[in-house]
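Here is the structure we will look at, set down as structure tokens.
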Amino acid sequence: MKIIFTSCTRYEAFKKQPEWKLISDQDPDYLFLLGDNIYMDYGWPFFSHEPNGSPKDYPTEKFKRIMKNKYENQFTLVPEFKDLVEKMRRKNGFFAIWDDHDFAWNNAKGISVPQEKKDISRELFHQYLNCSTNLPHTYYHVDTPLARVIFIDNRTDCEKEGPTNKLLSNEQFEFIEDKLQHPLKYTILCGGLTLTEGSENWYKYPSQLKRLCEMVSKTENVIFLCGDVHKNKFLMPKRINELNIVTPIQIISSGMQVNYAGFRIPFDDLHNWCMLEFEETNVKLSFYNKFGRQKNRSETATRFLNSYFK
Numbered sequence: 231m232k233i234i235f236t237s238c239t240r241y242e243a244f245k246k247q248p249e250w251k252l253i254s255d256q257d258p259d260y261l262f263l264l265g266d267n268i269y270m271d272y273g274w275p276f277f278s279h280e281p282n283g284s285p286k287d288y289p290t291e292k293f294k295r296i297m298k299n300k301y302e303n304q305f306t307l308v309p310e311f312k313d314l315v316e317k318m319r320r321k322n323g324f325f326a327i328w329d330d331h332d333f334a335w336n337n338a339k340g341i342s343v344p345q346e347k348k349d350i351s352r353e354l355f356h357q358y359l360n361c362s363t364n365l366p367h368t369y370y371h372v373d374t375p376l377a378r379v380i381f382i383d384n385r386t387d388c389e390k391e392g393p394t395n396k397l398l399s400n401e402q403f404e405f406i407e408d409k410l411q412h413p414l415k416y417t418i419l420c421g422g423l424t425l426t427e428g429s430e431n432w433y434k435y436p437s438q439l440k441r442l443c444e445m446v447s448k449t450e451n452v453i454f455l456c457g458d459v460h461k462n463k464f465l466m467p468k469r470i471n472e473l474n475i476v477t478p479i480q481i482i483s484s485g486m487q488v489n490y491a492g493f494r495i496p497f498d499d500l501h502n503w504c505m506l507e508f509e510e511t512n513v514k515l516s517f518y519n520k521f522g523r524q525k526n527r528s529e530t531a532t533r534f535l536n537s538y539f540k
């Protein structure tokens with residue numbers, strides 16, 4: 231069973247995206263897009279024509295028009311992406327979740343986003359990604375031959391960072407806890423945010439991270455897949471003493487079609503993605519970037535995975 235996942239695709243700077251053909255050539259069984267599938271804003275003023283935070287001031291109709299246009303561009307004007315998505319949908323293997331830039335704007339917290347904009351965002355996500363098995367929500371689960379996969383929405387109910395503040399609703403936590411009970415060998419959690427990396431993460435919500443990790447600790451062979459931070463990275467389980475928890479394995483792949491400063495041209499491009507090949511008795515991980523397979527990083531992660539899983 232072959233899963234490829236990635237995140238962070240900005241059409242405005244990357245109108246040509248041949249890297250999707252490289253993914254298609256691997257003939258995956260599943261493709262997971264883990265947030266920032268479009269960019270409502272990105273970059274610094276003077277470098278970007280839509281700098282971070284600008285959609286906050288858009289009237290509702292403008293917000294909808296721009297978001298719809300961005301989805302149209304990515305899903306209809308990039309032939310390699312369009313062909314791959316159609317191929318994966320024929321296999322029933324295309325799934326996604328959102329993060330901040332395709333939910334509303336940079337670092338958007340759902341609690342502070344006007345309801346009409348959240349409704350637009352949800353409507354267009356379901357129209358173009360069309361993958362949730364738990365409508366009207368964007369959190370859901372799917373079962374594959376070897377793994378249950380749970381997709382987490384870390385935006386809709388998100389509050390300001392704080393020791394007891396919410397990242398997820400109680401309803402979503404109850405959903406996750408229920409779906410962690412299953413007979414398959416592996417459990418894969420997928421979210422936009424990492425648990426511990428980057429300027430936004432679960433660690434900024436200690437009570438929420440503790441609740442999640444305590445749930446996960448009762449289940450064997452768990453992996454947390456995530457994006458957001460524009461890098462490929464493998465993180466072993468980490469003990470956080472002040473919370474008395476251990477995080478699950480984190481695998482980050484982010485920066486498929488994105489640059490750092492917000493230029494309108496490909497600059498400091500990354501083209502990161504990750505492939506996981508599951509068998510009943512072993513797993514192989516391969517990180518890729520614009521130079522090809524990252525051999526040492528991939529093989530180190532693969533060795534650890536196969537020593538860790540039971």
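Just add 230 to wherever you are in the sequence shown, counting from 1, and you've got this note's numbering. Heads up, the beta-carbon is just placed ideally off N, CA and C, and yes, glycines get one too.
Checklist entry - Out of Gly485, Glu444, Leu252, which has the shortest C-alpha to C-alpha gap to Leu473? => result Glu444
Checklist entry - When the Cα atoms are used, what is the spatial distance from Thr511 to Lys251? => result 29 angstroms
Item to check | Same chain, Cβ closer than 8 angstroms to Asp259, neighbours up to 5 away in sequence not counted | outcome: Met231, Lys232, Ile233, Lys321, Gly323, Thr374
Checklist entry - Thinking just about the alpha-carbon of each residue, which of Leu442, Ile418, Lys347 is nearest to the one in Ile475? => result It is Leu442.
Next on the checklist: So, does the stretch 268-284 touch the stretch 424-435, judging by three or more C-beta pairs under 8 angstroms?
Outcome noted: With a cut-off of 8 angstroms, the stretch 424-435 and the stretch 268-284 do not count as touching, because too few Cβ pairs lie within range.
Item to check | When Val379, Asp458, Glu249, Ile350 are compared against Cys361, the one with the closest alpha-carbon | outcome: Val379
Next on the checklist: By the DSSP assignment, the beta strand (DSSP E) with Gln480 in it spans what residues?
Outcome noted: That run of the beta strand (DSSP E) goes 479-483.
Checklist entry - Is DSSP giving Met195 helix, strand or coil here? => result With the chain covering 231 to 540 only, the question about residue 195 has no answer from this structure.
Item to check | Burial state of Asn384, where buried means 16 or more other Cβ atoms lie within 10 Å | outcome: buried
Checklist entry - When the Cα of His356 is compared with those of Thr394, Met466, Asn400, Lys298, which residue comes out closest? => result Lys298
Checklist entry - Per DSSP, what kind of secondary structure is His371 in: helix, strand or coil? => result strand
Checklist entry - What whole-angstrom Cβ distance do Leu423 and Asp332 have, given they're in contact under 8 angstroms? => result About 13 angstroms; that fails the 8 angstroms criterion.
Item to check | Best match in Lys294, Arg295, Glu291, Met270 for proximity to Ser284 [C-alpha to C-alpha] | outcome: Looking only at Lys294, Arg295, Glu291, Met270, the smallest Cα-Cα distance to Ser284 is reached by Met270.
Next on the checklist: Here's the rule: buried if 16 or more other CB atoms are within 10 angstroms of the residue's CB, otherwise exposed. What is His279?
Outcome noted: exposed
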